[in-house]
Amino acid sequence: MIINGIILFVTLMMVGFVAVWLLFPATRDWFEAPKYRFMENQGEDRR
Numbered sequence: 021m022i023i024n025g026i027i028l029f030v031t032l033m034m035v036g037f038v039a040v041w042l043l044f045p046a047t048r049d050w051f052e053a054p055k056y057r058f059m060e061n062q063g064e065d066r067r
């Protein structure tokens with residue numbers, strides 16, 4: 021029962037993040053900033 025609750029919670033959280041990402045394009049840079057910072061530290065191109 022607890023496992024089902026955890027899975028439901030994580031699923032709802034991910035749906036929320038995807039919905040915000042799709043509905044508010046301005047947040048995409050903020051969401052993806054850590055990835056680009058890591059890539060810059062590794063010496064890779066930004067895109």
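Using our numbering, read the sequence shown as starting at 21 and increasing by one per residue. Even glycine gets a Cβ: it sits at the ideal position worked out from N, Cα and C. These numbers were taken from a predicted model, which means no experiment stands behind them.
Self-check item: Spatial neighbours of Phe51 in its chain, beta-carbon cut-off 7 Å, leaving aside the 5 residues before and after
Solution: Trp41
Self-check item: Beta-carbon proximity list for Thr47, same chain, < 8 Å, skipping 5 on both sides
Solution: Val40, Trp41
Self-check item: Sequence ranges, beta strand (DSSP E) only - wholly within the segment 23-55, length at least 3
Solution: none
Quiz prompt | Backbone CA spacing between Ile22 and Gly63 [nearest angstrom] | solution = Each residue's CA atom was taken as its position, placing Ile22 and Gly63 some 43 Å apart.
Quiz prompt | Cα-Cα separation, Phe44 to Gly36 | solution = 12 Å
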